[in-house]
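Student: The sequence shown begins at 1 in full-length UniProt numbering and counts up by one.
This is the structure I have questions about; it appears just below.
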Amino acid sequence: MKPLLIVKTGTTFSSIRQRYGDFDDFILSQLQITAHDAIIAPIFETLWLPKLDIISGVIITGSHSMVTDREEWSEYLAEWLRNIPAGSLPVLGICYGHQLLAHAFGGEVRYHPQGVEIGTVSIQLTQEGRKDPLLGFLPNSFLGHVDHSQTVIKLPDEAKLLAKNDFEPHHAFVIRGNMWGVQFHPEFGAEITRAYIDEQKQELAQAGYDIEQLQKTVQDHIYGMMLLKRFWEIVRYSDQTS
Numbered sequence: 001m002k003p004l005l006i007v008k009t010g011t012t013f014s015s016i017r018q019r020y021g022d023f024d025d026f027i028l029s030q031l032q033i034t035a036h037d038a039i040i041a042p043i044f045e046t047l048w049l050p051k052l053d054i055i056s057g058v059i060i061t062g063s064h065s066m067v068t069d070r071e072e073w074s075e076y077l078a079e080w081l082r083n084i085p086a087g088s089l090p091v092l093g094i095c096y097g098h099q100l101l102a103h104a105f106g107g108e109v110r111y112h113p114q115g116v117e118i119g120t121v122s123i124q125l126t127q128e129g130r131k132d133p134l135l136g137f138l139p140n141s142f143l144g145h146v147d148h149s150q151t152v153i154k155l156p157d158e159a160k161l162l163a164k165n166d167f168e169p170h171h172a173f174v175i176r177g178n179m180w181g182v183q184f185h186p187e188f189g190a191e192i193t194r195a196y197i198d199e200q201k202q203e204l205a206q207a208g209y210d211i212e213q214l215q216k217t218v219q220d221h222i223y224g225m226m227l228l229k230r231f232w233e234i235v236r237y238s239d240q241t242s
């Protein structure tokens, strides 16, 4: 089987990286595969991506960068994504990757007018989400770990909305039947989510957030792992039939 491409769009906080690894490590751990099964491409450092015919699927990580900054590597990645044929290579964008997918195909990304969404939250599938091959096996209401200040204000015209909640109207979407974006973090576990809150507690407190209450929202759950493993099944099936 051809390797999975993990496009790194940044790195996590150094304190978290020392304890738990980096974004690509979180993904590999949840998928229960090794780096031998993947190509790790730190696009923010190298401005390089492999040819499509040598990979089986793509996961785009989160980042501490902002899509609205239109950095050179980010716009290069957006153009690369636009060149993936419709209905072909499975792609999953997480947080920054979700927002970049929306931007690449004509959506609009801005800072969320209500501020930061962080902790563990309840997310609801839409009618389209309940029929979707990636998200449709999840419960109608499921838990997701989150940490984002920017959001997809407007979806691309061709996107189908798959999941949302009261704070975030666009928690998941699909484009062209093979490109999914999820605003939540399926690669995070409860410990990593707690560490993210702790790492940013000063800024969050200054913005009026109750740090103790945020920590109380954090719950262990299996939905992130379930989603990533389902994506891996889609990737393997696509690779076998291509």
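The beta-carbon is built from N, C-alpha and C at its ideal position, and this holds for glycine as well.
Could you tell me how far apart the beta carbons of Val91 and Gln99 are, in whole angstroms, since I believe they sit closer than 8 Å?
Tutor: Not quite, the Cβ-Cβ distance comes to about 14 Å (not below 8 Å), so this is no contact.
Student: Can you give me the C-alpha to C-alpha distance between Leu143 and Ala163, rounded to a whole angstrom?
Tutor: Spanning the two alpha carbons is a distance of roughly 11 Å.
Student: Excluding the 5 residues flanking Leu47 on each side, which residues of the same chain have their C-beta closer than 8 Å to its C-beta?
Tutor: Answer for Leu47: Glu72, Trp73 and Tyr76, listed in chain order.
Student: Give a yes or no on whether the C-beta atoms belonging to Ala190 and Val218 are separated by under 8 Å.
Tutor: For Ala190 and Val218, yes; Cβs fall inside 8 Å.
Student: Using a Cβ-Cβ cut-off of 7 Å (strictly less than) and excluding sequence neighbours within five positions of Thr12, which residues of its own chain qualify?
Tutor: For Thr12, where only same-chain residues beyond five positions count, the Cβ hits under 7 Å are Asp22 and Phe23.
Student: Taking DSSP as the reference, what is the three-state secondary structure of residue 265?
Tutor: There is simply no residue 265 to check, as the chain begins at 1 and stops at 242 in what is shown.
Student: Which one of His170, Arg82, Leu161 and Gln30 has the shortest CA to CA distance from Gln153?
Tutor: The sequence given here has Ile at residue 153, not Gln. Answer by Cα proximity: His170.
Student: For a quick check, are the C-beta atoms of Ile39 and Ile55 less than 8 Å apart?
Tutor: In this structure, Ile55 lies closer than 8 Å to Ile39 by Cβ.
Student: Am I right that Ala78 and His103 are in contact with their C-beta atoms under 8 Å? What's the rounded C-beta distance?
Tutor: So it is a contact: roughly 6 Å between Cβ atoms.
Student: Going by C-alpha to C-alpha distance, which of Ala41, Glu199, Phe184 and Glu168 sits closest to Arg17?
Tutor: With distances taken between Cα atoms, Arg17 lies closest to Glu199.
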